[in-house]
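*Asks:*
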Ligand code: F0G
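Residue numbers (this note's numbering): 838 to 1294.
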């Protein structure tokens, strides 16, 4: 088989600012060992997130010029609404400025004290919005999803037996909803199977529980279903997406991922009463229901992006490029989550740095080493992000200590990815010299964004 090439040409370029290791050691120190606090000009390859970082297509840029900025009833909204409806077939489409705004609105209405939201794994902002409403989030990831080194086709699945057990033990009255994140970002970008979505919906329907999808990376998930699940090989990505959404009562989406948007999000719902309540809140915090915190030009770019994401040649290249880096690392013995996820490579920091205990944040130590060595910025998904404390103030660590290297869509070429692989392997070879970190300042919610740390001597 020939090399799978990037299915695009480059018309406009951005410079990368090169720096040396001595400069980056100082930059990291100034940022309190938290790459979120590093100015992006000091980053060479930015794998902090795949969110809002996509390169837009020439068609999207042309669409921006077509954006109609009417306060109410803009044709750009109707084009956006049509794109969302073609995919989700849901009746009510509510634009928001990004995914977490959709979450804030939804959980302000359905969350609240003594309520719980059950998921395969909630993303950090989703959990934060649930907890901020007074509710609790419960993650029920399947057993395969807990073991980074053991491959399985659908490691993002929710554990349906655990869900049934939870319902049998606690009842259903306080369950605000079950929401499945596709692909499962915090659990390695791993896909969820159609069978799992179908079964979860059946359990929810039997117990009269709302069933939602966090749809940020729905197309990447649909591609995995097409490639890995029996019966889907000959179905189009759109047909698979239609089926996925057909089981759900609604969805939240950050359009900064699989809609190639630099900003944007939406709520799509089938429940008219709930949609009205959401729109009432939307007007207070986001804007009028036909723009919801976005400019007409943003809606136009998203309407086009939601069509482009369904293209088979794009998804084949996208998933292959993540797999390519994963294979390179595996060949060098680097502990990496397998199989490759949809949008990112996840390093297993516990196995990478076994000499650093979890209360010294091995994931963050690895993130810092990748920056120092190669100017690469990744993000810790471990005890810095999700750690809690017991009554004695001792850290209750996260289950996994991962470092996520998220690949922006259509931005980096194969040689950038080769460079990333070389840097990771170099860091792996010198891993014994890497030191742990201690927290010196931390916020109560979404703590990893602003945390300040220091090196342990
Ligand atoms: N849900 C999931 C699964 C996400 O990955 C994100 C964002 C959100 C919701 C919130 O969307 O950023 O538009 O408000 N994930 C980004 C990331 C930030 O880096 O993975 P948002």
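We put the beta carbon where it would ideally sit given N, CA and C, even for glycine.
Would you call residue 951 buried or exposed, if buried means 16 or more other Cβ atoms sit within 10 Å of its Cβ?
*Replies:* The residue given as residue 951 occupies position 114 in the chain shown. Looking at its Cβ environment, which holds fewer than 16 other Cβ atoms inside 10 Å, residue 951 is exposed.
*Asks:* Would you mind sorting residue 1027 into buried or exposed? The rule is 16 or more other CB atoms within 10 Å of its CB.
*Replies:* As a position in the chain shown, residue 1027 is number 190, starting the count at 1. Flag for residue 1027 reads buried.
*Asks:* Rank 1039, 1134, 1173 by C-alpha distance to the C-alpha of residue 915 and give the top, closest one.
*Replies:* Position 78 of the chain shown, counting from 1, holds the residue named residue 915. Comparing Cα-Cα distances from residue 915 to each of 1039, 1134, 1173, the minimum goes to 1134.
*Asks:* Are there 16 or more other CB atoms within 10 angstroms of the CB of residue 1226, so buried, or fewer, so exposed?
*Replies:* As a first step, residue 1226 is located in the chain shown; it is residue number 389 there, counting from the start. So residue 1226 ends up on the exposed side.
*Asks:* Along the chain, where does the beta strand (DSSP E) containing residue 1185 start, and where does it finish?
*Replies:* As a working note, residue 1185 is residue 348 in the chain shown. 1181 to 1185 is the extent of the beta strand (DSSP E) around residue 1185.
*Asks:* Suppose you measure from the CA of residue 1299 to the CA of residue 1006; what does that come to, to the nearest Å?
*Replies:* No information on residue 1299 is available, as it lies outside the stretch 838 to 1294 that the chain covers here.
*Asks:* Determine contact between the region 931 to 940 and the region 1041 to 1050, defined as no fewer than three beta-carbon pairs at a distance below 8 Å.
*Replies:* Touching, no, given that fewer than three Cβ pairs across the two stretches are closer than 8 Å.
*Asks:* Whose C-alpha, out of 1268, 1078, 1215, is nearest the C-alpha of residue 1193?
*Replies:* Your numbering for residue 1193 matches position 356 in the chain shown. Of the listed residues, the one whose Cα sits closest to residue 1193 is 1268.
*Asks:* Suppose contacts are defined by Cβ-Cβ distances below 8 Å. Is residue 931 in contact with residue 1119 by that definition?
*Replies:* One-based indexing of the chain shown puts residue 931 at position 94. One-based indexing of the chain shown puts residue 1119 at position 282. Contact: yes.
*Asks:* Quick one: does the C-beta of residue 1088 sit closer than 7 Å to a heavy atom of the ligand F0G?
*Replies:* Counting from 1 along the chain shown, the entry for residue 1088 is found at position 251. It does not: the Cβ of residue 1088 is nowhere closer than 7 Å to a heavy atom of the ligand F0G.
*Asks:* Taking only the alpha-carbon atoms, compute the straight-line gap between residue 901 and residue 1137 and give it to the nearest angstrom.
*Replies:* The residue given as residue 901 occupies position 64 in the chain shown. The residue given as residue 1137 occupies position 300 in the chain shown. Straight-line Cα distance between these residues: approximately 6 Å.
*Asks:* How many angstroms separate the CA atom of residue 970 from the CA atom of residue 944?
*Replies:* Looking up residue 970 in the chain shown gives position 133. Looking up residue 944 in the chain shown gives position 107. Rounded to whole angstroms, residue 970 to residue 944 spans 7 Å at the Cα level.
*Asks:* For the beta strand (DSSP E) holding residue 925, just list the boundary residues, first then last.
*Replies:* What you label residue 925 is simply residue 88 of the chain shown in a count that begins at 1. From DSSP, residue 925 is part of no beta strand (DSSP E) but of the alpha helix (DSSP H) over 912 to 925.
*Asks:* Near residue 1101, what residues of its chain come up, given a Cβ to Cβ distance below 6 Å and the 5 sequence neighbours on each side ignored?
*Replies:* Here the question's residue 1101 lines up with position 264 in the chain shown. Counting only Cβ-Cβ distances below 6 Å, and skipping sequence neighbours, we find 1092, 1131, 1135, 1139.
*Asks:* Cutting at 8 Å between CB atoms, please list the residues of its own chain near residue 1173, excluding the five before and the five after it.
*Replies:* As a first step, residue 1173 must be located in the chain shown, where it is residue number 336. Once the five neighbours on either side are set aside, the close Cβ partners of residue 1173 are 985, 1163, 1166, 1167, 1182, 1183, 1184, 1185.
*Asks:* How close, in whole Å, do the beta carbons of residue 960 and residue 1051 come, if the pair is a contact with beta carbons under 8 Å?
*Replies:* One-based indexing of the chain shown puts residue 960 at position 123. One-based indexing of the chain shown puts residue 1051 at position 214. Right, the Cβ-Cβ distance comes to about 7 Å (below 8 Å), so this counts as a contact.
*Asks:* Tell me where the alpha helix (DSSP H) around residue 1205 begins and ends.
*Replies:* Numbered from its first residue, the chain shown carries residue 1205 at position 368. Per DSSP, residue 1205 belongs to the alpha helix (DSSP H) from 1199 to 1211.
*Asks:* When the Cα of residue 1277 is compared with those of 1283, 983, 1288, which residue comes out closest?
*Replies:* For the purposes of this step, residue 1277 is taken as residue 440 along the chain shown, with counting starting at 1. For the residues 1283, 983, 1288, the minimum Cα distance to residue 1277 belongs to 1288.
*Asks:* What runs of the alpha helix (DSSP H), each 4 residues or longer, lie entirely inside the region 961 to 987?
*Replies:* As far as the region 961 to 987 is concerned, its whole alpha helix (DSSP H) runs of at least 4 residues are 961 to 969.
*Asks:* Return the CA-CA distance between residue 1103 and residue 1188, expressed in angstroms with no decimal places.
*Replies:* Here residue 1103 refers to the residue found at position 266 when the chain shown is read from its first residue. Here residue 1188 refers to the residue found at position 351 when the chain shown is read from its first residue. Their backbone Cα atoms lie some 38 Å apart in a straight line.
*Asks:* Thinking just about the alpha-carbon of each residue, which of 907, 1061, 1271 is nearest to the one in residue 1176?
*Replies:* Sequence index remark: in the chain shown, residue 1176 carries index 339 (1-based). Selected option, being the one with the closest Cα: 1061.
*Asks:* Tell me the rounded alpha-carbon separation between residue 1275 and residue 1248.
*Replies:* Counting from 1 along the chain shown, the entry for residue 1275 is found at position 438. Counting from 1 along the chain shown, the entry for residue 1248 is found at position 411. The straight-line gap from Cα to Cα measures roughly 34 Å.
*Asks:* Within this structure, are the beta carbons of residue 1242 and residue 884 separated by less than 8 Å?
*Replies:* Locating residue 1242 in the chain shown gives position 405, counting from the first residue. Locating residue 884 in the chain shown gives position 47, counting from the first residue. For residue 1242 and residue 884, yes; Cβs fall inside 8 Å.
*Asks:* Would you report the Cα separation of residue 980 and residue 855, rounded to the nearest angstrom?
*Replies:* Taking the first residue of the chain shown as 1, we reach residue 980 at position 143. Taking the first residue of the chain shown as 1, we reach residue 855 at position 18. For residue 980 and residue 855, the distance between alpha carbons rounds to 42 Å.
*Asks:* Taking 7 Å as the line, does the beta carbon of residue 974 fall inside it for any heavy atom of the ligand ATP?
*Replies:* Questions concerning the ligand ATP fall outside what the structure shown contains, since the ligands it does hold are the ligand F0G.
*Asks:* Could you round the C-beta distance between residue 1048 and residue 1014 to whole angstroms and report it? I think they count as a contact, below 8 Å.
*Replies:* Mapped onto the chain shown, residue 1048 falls at position 211. Mapped onto the chain shown, residue 1014 falls at position 177. The pair is a contact, with the Cβ atoms about 7 Å apart (cut-off 8 Å).
*Asks:* Give the DSSP bridge partners of residue 933, in chain order.
*Replies:* Start at 1 with the first residue of the chain shown, and residue 933 comes out as number 96. For residue 933, which the question treats as bridged, DSSP gives the partners 1102.
*Asks:* Under 8 Å, do residue 1094 and residue 887 count as touching if we go by C-beta distance?
*Replies:* Position 257 of the chain shown, counted from the start, is the residue given in the question as residue 1094. Position 50 of the chain shown, counted from the start, is the residue given in the question as residue 887. Contact: yes.
*Asks:* What whole-angstrom Cβ distance do residue 1157 and residue 1246 have, given they're in contact under 8 Å?
*Replies:* Numbered from its first residue, the chain shown carries residue 1157 at position 320. Numbered from its first residue, the chain shown carries residue 1246 at position 409. Actually they do not touch by this definition, with Cβ atoms about 13 Å apart.
*Asks:* Quickly, what does DSSP pair residue 1030 with across the bridge? List them, please.
*Replies:* Along the chain shown, read from residue 1 onward, the residue named residue 1030 stands at position 193. None, per the DSSP bridge assignment.
*Asks:* Do residue 1195 and residue 1238 have their CB atoms nearer than 8 Å?
*Replies:* Mapped onto the chain shown, residue 1195 falls at position 358. Mapped onto the chain shown, residue 1238 falls at position 401. Yes, they are a contact pair.
*Asks:* If we count the other Cβ atoms within 10 Å of its Cβ and call it buried at 16 or more, is residue 1035 buried or exposed?
*Replies:* Residue mapping note: residue 1035 aligns to position 198 of the chain shown, counting from 1. Per the 10 Å Cβ criterion, exposed.
*Asks:* Please classify residue 1252: does DSSP put it in a helix, a strand, or coil?
*Replies:* Here residue 1252 corresponds to residue number 415 of the chain shown, with the count starting at 1. Note: residue 1252 maps to helix in three-state DSSP.
*Asks:* Just reading off the alpha helix (DSSP H) that residue 1135 is part of, what are its end residues?
*Replies:* By one-based count along the chain shown, residue 1135 stands at place 298. 1133 to 1145 is the span of the alpha helix (DSSP H), which, as asked, contains residue 1135.
*Asks:* Of all the options 975, 1011, 1212, 1121, which has the alpha carbon lying nearest to the alpha carbon of residue 995?
*Replies:* Taking the first residue of the chain shown as 1, we reach residue 995 at position 158. Measuring from the Cα of residue 995, the nearest candidate turns out to be 975.
*Asks:* Using 8 Å as the Cβ pair cut-off and three pairs as the minimum, do the region 859 to 879 and the region 1205 to 1213 touch?
*Replies:* Result yes; three or more Cβ-Cβ pairs closer than 8 Å.
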